[in-house]
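If you read the sequences in order, they're chains U and D. Just so you know, we're using the working numbering here: the first sequence kicks off at 1 and counts up by one. Just so you know, we're using the working numbering here: the second sequence kicks off at 1001 and counts up by one. The beta-carbon is built from N, C-alpha and C at its ideal position, and this holds for glycine as well. None of these values were measured; they are calculated from a predicted model.
There are 2 protein chains.
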Amino acid sequence: MKKKFLTLIGEEKYTEARQEIIEFGAVDIAQLFEDVPQAKLVIVFRLLPKDLSSDVFTYMSSDLQRQVIEAITDEEVIAIMRDLFMDDAIDFIEEMPSNVVKRVLKNASEDTRILVNQFLNYPTDSAGSIMTIEYVDLKKDMTVKQALNYIKINGYDKETINTCYVLSSSRVLEGVVSLRQLVLSDDETALKDIVNIEVDSVHTHDDREEVATLFKKYDYYVMPVVDNENRLVGIITVDDIIDVIDKEATEDIHKMAALQPTEKPYLKTNIWHLAKNRIPWLLVLMISAAFTGGIIKRYETALQSVILLAAFIPMLMDTGGNAGSQSSTLIIRGLALGEIEPRHFLKVVSKELGVSIIVGTMLAVVNFLKIYLIDKAGVLVAITVSFTLVLTVTLSKVIGGVLPLLAKKFKMDPAIMAGPLITTIVDAISLIVYFATATWLLGL
Amino acid sequence: MKKKFLTLIGEEKYTEARQEIIEFGAVDIAQLFEDVPQAKLVIVFRLLPKDLSSDVFTYMSSDLQRQVIEAITDEEVIAIMRDLFMDDAIDFIEEMPSNVVKRVLKNASEDTRILVNQFLNYPTDSAGSIMTIEYVDLKKDMTVKQALNYIKINGYDKETINTCYVLSSSRVLEGVVSLRQLVLSDDETALKDIVNIEVDSVHTHDDREEVATLFKKYDYYVMPVVDNENRLVGIITVDDIIDVIDKEATEDIHKMAALQPTEKPYLKTNIWHLAKNRIPWLLVLMISAAFTGGIIKRYETALQSVILLAAFIPMLMDTGGNAGSQSSTLIIRGLALGEIEPRHFLKVVSKELGVSIIVGTMLAVVNFLKIYLIDKAGVLVAITVSFTLVLTVTLSKVIGGVLPLLAKKFKMDPAIMAGPLITTIVDAISLIVYFATATWLLGL
């Protein structure tokens, strides 16, 4: 059906093209539009029924949104802005160049303009930035029947009516009542008898990650956002929380790979921007690794007399790095999910020590046999390498386990204490152990 | 209040302790129970009102669940099993040792027993394993009023009544109607006039990750699960999808750090199990790194004559590894989020090449100046190291970008093609480039 639609568009058979897509949902239509040639995008967009067009607009990529907005009339801009949910409107405006933003705001109502400006002032990571202002507000002195009638009259525009909020005359949040409770109650029940006054709420400036944690812990579908006077200013719905969870995981994954995190999709980021996100950590780590090189230089004479020692450096460095990454990754993810906390310090250290002994011994045995039986490098070299290996694995695992905990304790981001940084630290330590053992055992 | 509760328990003032917690939610009470001494756990559990106790049970850790089940009477087991939602019952049973499972099933109704066994047969990663069977089913020939009455009578037990399903007499899924639509419609409207027959559904054996992708794309709150005959067997709610999203991200993060993924929290996993998850990849990578050592051995004579060359090996290996990890991480995460697909192969290669030239040149310049001006190692050594660096960064980034795409293309898990594996591959290549350049430029 996708091909057929695009063919019809190509042949300029617009009425038939309209028939082809009219039955699909907004998400699928928006995705279909990605493949429409730019010159025909606005024609196709205008084919949509009015009540569908702002829904489709919501789900289009910001590139397409810009193309549409730049080509349609002021009246059409007004119509779209009127129909967008506030959180979608903000998402859209944040991605637009300033000339488009100007045009959109010029064509919005005074109320909308004030709201948009207020929303744009919330920090990117705050609860305010992901909330919407469309919700159902009830009064405590209503009966169930009055409440249901009020919802029937006012409820069509609201993003979610499954949870309704009971507000005082000064819009202070007094409680919450679900549509489910209303339906399950008798008509004449007073709202104040079924309202739940134990409402968990967040502030506009709370961190969105903490909000996501509350959603996970209590299985919420929606949550009210209040200001400092406990007045309801908006609600956060679970679909936006899912985006937050994905974004926070991406941010951690990026940081763990020595990248400056970005929310922009890879394919839409130009190479200068991609390079800018990669250079800082690569530079820092490159310069740190130079110090490791300095250790080798200090032991130049030892190395000169048993040049074979150099052959085991890559294996020791890599294994140390990998062993440390494993531990730091487990701890970083555990911290992010709230399964581990800084107070578990001793538990983590003892677990990592235990694991190190098992893992280190096993790797050392394999390694010893390989060097002694296959490389035939002599028993002293085999012992030197294997001993260094056990010590490197142990140190890597303990350092990898401890650094993220310390970072969290001192309010830094644990995700930085991941593979790349741990590897650099562990490299230096393992080389010192290696050469010290070698000079002692081999009498260099 | 938490401290007060625990003190009262310590003093065996149970009635007052009960007063202290009775007003809290099930999640918080369950968390509080984690700190109750084992000997008193069952006493405290029995303090809870009947309608709260199975809710609290749902949110307890599996350790506590086991302790409670082992200590209570058969009658109490029956009561809890009757009140648990099916998905929570399954989660609980899956974590129990076999003697507890036997006792629980013995005390469940025949119906429940059959259902539990059916659920336990769904693969861990399937839609069936995360669905629940509590939903509201309506008939097409009802009016809105009849439907609302039916919900009032039957709806109390259902996990979600916000979305109701319209079924044929043979339980085939015919459509969906939201509580919101019911409330917003007139009483006498026929259900068949407002039912939405375009229902997206999944099969019991569909992959839970694909189900999560649908939730993200279409902002669903709940989704029906059908069998091969399109009969409704259960629903999946968005709170369980959030768990799936977290678990899939954890799985990817673990794999990217050369760990065998596990869903068990770190602190609850014993050291043998932790070691078992870490050894396989460490062994594979250690043996692979030994081949890298072989390259150094082959160039032993060159190294012997300019021993200084060894000092730059750590920096080259680390920078290559980090550069490759950055690229593979971006691609792996992009693939997981559906932002990148294998068909973007050429786009990825050209982007990575572009980025490599910028990043590589910049690092090489810094590196050249450091070696020439600070280390005073001679211009030829500086050129050898810097040239190798550019080539290493370029190769790492292209390999790091390409391997995850190829893995995905050939239906392997892209997350394996991350830092540790890329580092091992890139190490070997960079050392060959390094020594080849050195022998040629320095005439060794």
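Do residue j and residue i have their beta-carbon atoms positioned less than 7 Å apart in this structure?
i       : j       : result
U/M317  : U/D427  : yes
D/I1009 : D/K1040 : yes
D/V1359 : U/A323  : no
D/G1234 : D/V1244 : no
D/F1045 : D/V1068 : yes
U/I133  : U/M86   : yes
D/I1374 : D/V1385 : no
U/G419  : U/S288  : no
D/L1285 : D/T1424 : yes
Over what stretch of residues does the beta strand (DSSP E) that includes residue i continue unbroken?
i       : result
D/P1224 : 1222 to 1226
D/I1236 : 1232 to 1237
U/E174  : 173 to 178
Label residue i either buried or exposed according to how many other C-beta atoms from any shown protein chain fall within 10 Å of its C-beta, with 16 as the threshold for buried.
i       : result
U/L267  : exposed
U/M412  : exposed
D/D1239 : buried
U/Q260  : exposed
U/T124  : exposed
U/E70   : exposed
U/D51   : exposed
U/D187  : exposed
U/D74   : exposed
U/E110  : exposed
U/T7    : exposed
U/H254  : buried
D/W1281 : buried
U/F215  : buried
U/R82   : exposed
D/I1153 : exposed
D/N1117 : exposed
Cβ closer than 7 Å: which chain U residues qualify as neighbours of residue i?
i       : result
D/V1366 : L283
D/P1049 : Correct list: empty, because the minimum Cβ distance to chain U is about 16 Å.
D/D1318 : L285, A289, T423, T424, D427
D/R1333 : T250, I253
D/A1275 : V355, I358, V359
D/Q1326 : A257, A258, L259, R278
D/H1344 : L267
D/E1339 : P265, Y266, L267
Against residue i, what residues of chain D qualify as contacts under a CB-to-CB distance less than 7 Å, listed in chain order?
i      : result
U/V27  : K1217, Y1218
U/K152 : V1183, L1184
For the alpha helix (DSSP H) that residue i lies in, which residues bound it at each end?
i       : result
D/V1365 : 1345 to 1369
U/D141  : It is not in any alpha helix (DSSP H) - U/D141 carries neither H nor E in the DSSP assignment.
D/T1163 : Per DSSP, D/T1163 belongs to no alpha helix (DSSP H); it is in the beta strand (DSSP E), 1163 to 1167.
U/G400  : 379 to 409
U/F445  : Outside the shown range of chain U, which is 1 to 444, sits residue 445 of chain U, and nothing can be said about it.
D/F1033 : 1026 to 1033
U/A108  : Premise fails: U/A108 is in no alpha helix (DSSP H) and is neither H nor E.
U/S126  : Where U/S126 is concerned, there is no enclosing alpha helix (DSSP H), given that its DSSP letter is neither H nor E.
U/N277  : 271 to 298
U/Y218  : 208 to 218
D/Q1193 : This sequence places Asp at residue 1193 of chain D; Gln is not what is there. Unbroken alpha helix (DSSP H) run through D/D1193: 1191 to 1194.
U/F5    : 2 to 10
D/Q1019 : 1014 to 1021
U/A323  : 313 to 336
U/I80   : 74 to 83
D/D1187 : That residue, D/D1187, is in no alpha helix (DSSP H); it is neither H nor E in DSSP.
U/A89   : 86 to 95
For residue i, which residues in chain D fall below 8 Å Cβ to Cβ?
i      : result
U/E210 : None at all; the shortest Cβ gap to chain D is about 15 Å.
U/V370 : For the record, residue 370 of chain U in the displayed sequence is Lys; it is not Val. Within 8 Å Cβ-Cβ: I1287, A1290.
U/L148 : V1183
What does residue i touch in chain U if you count any residue whose Cβ is under 8 Å from its own?
i       : result
D/T1292 : P314, M315, D318
D/A1323 : R278, L282
If the cut is a Cβ gap below 9 Å, which residues of chain D does residue i touch?
i      : result
U/E468 : The question about residue 468 of chain U has no answer, for chain U in this structure spans 1 to 444.
U/Q304 : Q1304, I1307
Which ranges does the alpha helix (DSSP H) cover as unbroken runs of at least 4 residues, wholly within the region 38 to 72 of chain U, from first to last along the chain? Every unbroken stretch of the alpha helix (DSSP H) spanning 4 or more residues and falling wholly within the region 38 to 72 of chain U is given here in chain order: 38 to 47, 50 to 59, 62 to 71.
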